[in-house]
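Written below as structure tokens is the structure these notes are about.
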Amino acid sequence: MGNMLKVEDLHVYYGSIHAIKGIAFEVNEGEIVTLIGANGAGKSTTLNTVAGLLKASRGEVEFKGEKIAGIPAHKLVSRGMSLCPEGRRVFQELTVRENLEMGAFSRPKAEVNESLETVYELFPRLKERYKQIAGTLSGGEQQMLAMGRSLMSKPALMMLDEPSMGLAPILVEQIFDIIKEMNKNGTTILLVEQNAQMALSIASRAYVLETGRVVSSGTGEKLLKDDAVRKAYLGG
Amino acid sequence: MVSYLINGISLGAIYAIIALGYTMVYGIAKMLNFAHGDVIMVGGYMAYCSVSYLGWSPAAAVIFAMAVCTILGITIEKLAYKPLRDASSLAVLITAIGVSYFLQNAALLIFSSNPKVFPNLFSDMFTIKVGEATVTSVAVVTILSCIIIMVALTLFTSKTKMGKAMRAVSEDRGAATLMGINVNSTISVTFAIGSGLAAIAGVLLCSAYPTLMPTTGAMPGIKAFTAAVFGGIGSIPGAMLGGILLGVIEIFAKAYISTQLSDAIVFAVLIIVLIVKPTGLLGKKLTEKV
Ligand SMILES: Nc1ncnc2c1ncn2[C@@H]1O[C@H](COP(=O)(O)OP(=O)(O)OP(=O)(O)O)[C@@H](O)[C@H]1O
Ligand SMILES: [Mg+2]
Chain Y
345 MGNMLKVEDL
355 HVYYGSIHAI
365 KGIAFEVNEG
375 EIVTLIGANG
385 AGKSTTLNTV
395 AGLLKASRGE
405 VEFKGEKIAG
415 IPAHKLVSRG
425 MSLCPEGRRV
435 FQELTVRENL
445 EMGAFSRPKA
455 EVNESLETVY
465 ELFPRLKERY
475 KQIAGTLSGG
485 EQQMLAMGRS
495 LMSKPALMML
505 DEPSMGLAPI
515 LVEQIFDIIK
525 EMNKNGTTIL
535 LVEQNAQMAL
545 SIASRAYVLE
555 TGRVVSSGTG
565 EKLLKDDAVR
575 KAYLGG
Chain X
70 MVSYLINGIS
80 LGAIYAIIAL
90 GYTMVYGIAK
100 MLNFAHGDVI
110 MVGGYMAYCS
120 VSYLGWSPAA
130 AVIFAMAVCT
140 ILGITIEKLA
150 YKPLRDASSL
160 AVLITAIGVS
170 YFLQNAALLI
180 FSSNPKVFPN
190 LFSDMFTIKV
200 GEATVTSVAV
210 VTILSCIIIM
220 VALTLFTSKT
230 KMGKAMRAVS
240 EDRGAATLMG
250 INVNSTISVT
260 FAIGSGLAAI
270 AGVLLCSAYP
280 TLMPTTGAMP
290 GIKAFTAAVF
300 GGIGSIPGAM
310 LGGILLGVIE
320 IFAKAYISTQ
330 LSDAIVFAVL
340 IIVLIVKPTG
350 LLGKKLTEKV
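Heads up: the sequence lines are chains Y and X, in that order. Residues 345 to 580 (our numbering) make up the first sequence, in order. Residues 70 to 359 (our numbering) make up the second sequence, in order.
Structure (structure tokens):
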């Protein structure tokens, strides 16, 4: 199994706020790796930095064995990296279909239909609603659209930032099933979650973040049994 | 009466074409390009030079003016606005005013302040009679151009990949970047389109009102900006509707109330519309960005 993503000694500042204080982690090809941690721990900041939206002040990010510092975010997409951002951020005024087309922006026109089929298979609801204006979809449907949209670029590495946020338990389960399905289809997953229980149960490995630092890591099973982790994130 | 209406619509069509540039740049780059009006003036001078000095045909003159303005628009964006992408909107606004002064003074230096008499490129093509009123060929060409531009832009933004990407960037720049869209080049294309349209507006404006000076673009620029706000800034149909209404109101105010007061009346109508509907006639409600 090759190395998909390797982050070393990463530091990120917002002005004078030191949000990420030297974290390191890696994601191997085919894995589901999860980052868990409380509000403000720096999970989104980490993903946004890896995706090229934020600049690291120090440290290395290697993607598929290549250093990617300084490559603009939009170019990382065609290299096989995709981030489904926190809060969904679907294009409210575009239709479902147009949102999905935007997801495939970096790909040749001939391949768009093939990707559409793949996404419609995972999310049949999106196929039914392809003409609907995205802003009028329900929260769950918007989350599916956001995930489908990110999948349209046919990423090798898909990063998901709190896909279960604000969803009913039954939908959360559905979303996690789809994540497993995407992973089975060959997409490596880096998952950020507040729902630590669910995330740890599907993850190959996990890292626990606390105020910008990795404080614990290991397999999902190990962390599920870890006392400190149980206290802090699993309600005892 | 009919002839006032036609004059109003054709003046309004020019405002509409200019307003489209304001509104597209605002929608996508989230800035007010106050130098937009002066690009119109540059377009006017380019067409003037190619017809009067080089003896080119009107069609060649229009294409030349569009080419120059398109390049000018892209250059202005690259040099003046792109470095300020993350700066405060006040800094960007002041820069835009600076660019406007720069263009006016450059024109003053090159062409002097003496007004040039713009050759009417469409004068002797034809005239149409509508009842009592005669419609000049300039008016016909202006209104037709406006309709064609409107249709073309609507198709562009709804059907093409670049057009859809522009709508995506206008809504959420960060999310668009995550789709692999190059936001900078999208903004460049927007400036290119807006400035190309400004060149067309310049030629039409100078054909209808043939005095060309370095300040020629300033007033129509402000009026078109008003039209864009009137119709709902960021909205393409809004710019169209706003422009045409503004032209009609201006011509009727001039004809029936007072020539001196016409501009005041135009702005009074704007203020009333904004009090009743702060987002303009066709403006969408401003959605809170997370
Ligand atoms: N744009 C910003 N400007 C200043 N500080 C920020 C900004 N975004 C995040 N921060 C700060 O950086 C730290 C990490 O934030 P981040 O959003 O990465 O946390 P998170 O782990 O994703 O939290 P949550 O679970 O609530 O999404 C927080 O202290 C936050 O206040
Ligand atoms: Mg977050």
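Ideal placement from N, C-alpha and C gives every residue a C-beta, glycine not left out.
Boundaries of the alpha helix (DSSP H) harbouring Ser119(X): 105-121, taken from the DSSP string. Distance from the Cα of Gly249(X) is smallest, within the candidate group Ser126(X), Met235(X), Val207(X), for Met235(X). Collapsing the DSSP output to three states places Ala237(X) in a helix. Distance from the Cα of Ala540(Y) is smallest, within the candidate group Gly396(Y), Thr555(Y), Ser401(Y), Glu506(Y), for Glu506(Y). Checking the DSSP bridge columns, you'll see Gly312(X) has no partner listed. Of the candidates Thr255(X), Lys185(X), Asp107(X), Ile179(X), the residue whose Cα lies closest to the Cα of Cys138(X) is Asp107(X). Against chain X, a Cβ distance below 8 angstroms from Ala385(Y) picks out nothing, because the smallest value is about 19 angstroms. With respect to the 9 angstroms criterion, Phe449(Y) and Lys230(X) are classified as neighbours on the basis of their beta carbons. Runs of the alpha helix (DSSP H) lying entirely within the stretch 70-109 of chain X and spanning at least 4 residues, in chain order: 71-98. Taken atom to atom, the span from the alpha-carbon of Gly409(Y) to that of Gly366(Y) is near 20 angstroms. Look at the stretch 423-503 of chain Y and you find these whole runs of beta strand (DSSP E), each 3 residues long or longer: 425-428.
Bridge partners of Lys198(X) according to DSSP: Thr203(X). Within chain Y, the residues placing a beta-carbon under 8 angstroms from that of Lys233(X) are Leu438, Glu442, Glu445, Met446, ordered along the chain. Annotation for Val71(X): Val199, Gly200, Glu201, Ala202 place their beta carbon closer than 8 angstroms to its own, counting only its chain and skipping 5 residues before and after. Residue state for Glu373(Y) is assigned as coil, using DSSP reduced to three classes. DSSP places Glu352(Y) within a strand segment (E or B) once states are collapsed to three. Listed along chain Y are His418, Met446, Phe449, each with a C-beta nearer than 8 angstroms to that of Ile250(X).
Nearest neighbour of Ile318(X) by Cα position, chosen from Pro283(X), Ser304(X), Lys292(X), Met282(X), turns out to be Lys292(X). Neighbours of Gly243(X) in chain Y, taken as residues whose beta carbon is under 8 angstroms from its own, are Leu397, Pro429, Arg433 in chain order. Counting every other CB atom within 10 Å of its CB across the protein chains shown gives Tyr122(X) a total below 16, marking it as exposed.
In terms of beta-carbon proximity, Lys453(Y) lines the interface with chain X, with at least one pair separated by less than 9 angstroms. Chain Y places no beta carbon closer than 9 angstroms to that of Glu146(X), leaving this residue out of the contacts. Taking 8 angstroms as the cut-off, the C-beta of Val558(Y) does not count as close to any heavy atom of ligand 2.
Phe260(X) is the residue among Gly352(X), Thr348(X), Ala322(X), Phe260(X) whose C-alpha sits nearest the C-alpha of Ala104(X). Straight through space, the alpha carbons of Pro127(X) and Val421(Y) are spaced by roughly 46 angstroms.
For the options Val238(X), Ile166(X), Gly303(X), the alpha carbon positioned closest to that of Gly290(X) is the one of Ile166(X).
In the three-state DSSP reduction, Lys566(Y) falls in the helix class (H, G or I). Per the DSSP secondary-structure output, Lys411(Y) pairs in a beta bridge with Glu406(Y). The beta carbon of Leu489(Y) lies closer than 7 angstroms to those of Val434, Val440, Asn443, Leu470, Ala478, Leu481 in the same chain, with the five residues before and after it left out.
In terms of CA proximity to Tyr91(X), Val298(X) leads the group Pro347(X), Ala245(X), Val298(X), Phe133(X).
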